[in-house]
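One structure is given here, and the rest of the page talks about it.
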Amino acid sequence: VDAATLPEGVEQTHVSLFDGTNCGIAIKGKRAFAVQYHPEASPGPQDSFYLFEKFVGELG
10 VDAATLPEGV
20 EQTHVSLFDG
30 TNCGIAIKGK
40 RAFAVQYHPE
50 ASPGPQDSFY
60 LFEKFVGELG
């Protein structure tokens with residue numbers, strides 16, 4: 010996904026360090042976000058823990 014083509018209200022949140030491609034988005038004003046990788050497969054035990062905390066927090 011080219012970040013320049015994202016619609017209004019959608020922001021890029023993650024970028025690949027390998028090739029600069031988009032790896033995550035969030036929708037402003039909504040409880041919606043996504044990543045295009047496997048956060049549970051991170052190299053460190055806590056590297057992506059914040060994503061799971063955010064998800065649980067968004068549940069209410």
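Just so you know, we're using our numbering here: the sequence shown kicks off at 10 and counts up by one. By construction, the Cβ of each residue, glycine as well, lies at the ideal position given by its N, Cα and C atoms.
{"query": "Beta-carbon gap between residue 42 and residue 35 smaller than 8 Å", "result": "yes"}
{"query": "Three-way DSSP call (helix, strand, coil) for residue 24 in this model", "result": "strand"}
{"query": "Whole-Å CB distance - residue 60 paired with residue 44, under 8 Å assumed", "result": "7 Å"}
{"query": "Straight-line gap, residue 58 to residue 23 (C-alpha atoms, nearest Å)", "result": "15 Å"}
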